[in-house]
Amino acid sequence: MQIDLAIVGGTGLYNFPGLAKVEKRVVQTPYGPASDAITLGELGGKQVAFLARHASGHSIPPHRINYRANVWALHSLGASRVLGVNAVGGIRADMAPRVLAVPDQVIDYTHGRITSFCDDGAARVEHIDFTEPYSARLRSEVLAAAGRAGIAVVDGGCYGATQGPRLETRAEIARMRSDGCDLVGMTGMPEAALARELKLDYACLAVVANWAAGCPQGDAAPEISLPEIFAHLEAATAKIPPVIASLLA
Ligand code: HPA
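Residue numbers (the numbering used here): 967 to 1215.
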């Protein structure tokens, strides 16, 4: 099967509206089950696959997601372009709540996750080039699509991937800022690296849900409010379907 675009939905995006000829596939992989059944459907005559990274009831926390099964499942269905949608906290001044961004770099602070298909019993070990962690082609396609749809998207930024599920301390975010991180999220890695191992065109569409701890005013910043996160996510996530429709047009 030819899939024009696979979408991995993060917090706040558990299904993709407007698909025609919808079919659900439960995919078995050598790494176990994917987070959820994969929804296949058509958008504007193009074939789309959608997978809810945390499962439809948000039951799988970031550190327990079977990233290998998810990426493998999409690849095995015939996907070659994968857009990961990830909720994030904003660190840089222009990454305010409700902003959409297409990061261009990653720093991985996660631990204890299985980060590679080159693991127990793999036929051979491969050291992928990860200088540019995201597909330049898919990044520019997403940015152009957002432009055509009239949706503002920040071009670039460094995604710092943390372990979660707790949010970070003020000191952790201060360190991440000085490391060069602009955004912080819990699910961007190892998904991007696994996608590269399978030679998929992979990009991240980050949805800013909140200011990261201690941002933007330093010590004066209030604690992060979960109801506010969900309100911001809902508003920002509503901008994603038009971007994807334009990407597939
Ligand atoms: N930190 C990490 N992950 C997140 C955040 C955050 O502040 N907001 C949404 N996902």
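No residue lacks a Cβ here, since even glycine has one placed at the ideal position from N, Cα and C.
GLY1151: member of the beta strand (DSSP E) spanning 1149 to 1151, first to last residue.
ALA1159 has its Cβ no nearer than 7 Å to any heavy atom of the ligand HPA. Short of 7 Å from the beta carbon of GLY1010, and not among the five residues preceding or following it, lie these beta carbons of its own chain, in chain order: ALA1211, LEU1214, ALA1215. Distances from the alpha-carbon of LEU1133 to those of ASN1036, ARG1103, ALA1053 put ALA1053 closest. Nearest to ILE1080 by alpha-carbon distance, out of LYS987, PRO1193, PRO1182, ALA1159, is ALA1159. With a beta-carbon spacing of about 6 Å, TYR1125 and ALA1172 fall inside the 8 Å limit used to define contacts. Around GLU1189, the same chain offers no residue with a beta carbon nearer than 6 Å, after the five sequence neighbours per side are excluded. The criterion of a C-beta distance shorter than 8 Å is satisfied by LEU1149 and GLY1055.
TYR1168 places its beta carbon less than 8 Å from that of GLY1050.
Between VAL1014 and GLU989, the alpha-carbon positions lie close to 11 Å from each other. For ILE1139, the enclosing alpha helix (DSSP H) has its first and last residue at 1136 to 1145.
Bounds of any alpha helix (DSSP H) do not take in LEU1133, whose DSSP letter is neither H nor E. Annotation for ASN981: no alpha helix (DSSP H) segment contains it, and DSSP assigns it neither H nor E. Annotation note: the segment 1014 to 1059 contains the following uninterrupted beta strand (DSSP E) runs of length 3 or greater, listed N- to C-terminal: 1047 to 1056. For ASN1176, the shortest separation between its Cβ and any heavy atom of the ligand HPA lies below 7 Å. The alpha carbon of ASP970 has as its nearest neighbour, out of MET1152, GLY976, LEU1109, LEU1040, the alpha carbon of LEU1040. Contact between ARG1105 and VAL1068 holds: CB atoms are separated by about 5 Å, below the 8 Å threshold. The C-beta distance from ILE1195 to ALA1175 rounds to 5 Å, short enough to fall under 8 Å. For the options LYS987, ASP1074, TYR1100, the alpha carbon positioned closest to that of LYS1165 is the one of TYR1100.
Excluding the 5 residues flanking it on each side, ALA1021 has same chain C-beta neighbours closer than 7 Å at SER1001, ASP1002, in chain order.
About 17 Å separates the beta carbon of MET1152 from that of PRO1063, a gap too long to meet the 8 Å contact definition.
The Cβ-Cβ distance between MET1155 and VAL1091 does not fall below 8 Å. For THR1005, no alpha helix (DSSP H) run applies; the uninterrupted beta strand (DSSP E) run containing it begins and ends at 1004 to 1009, by DSSP.
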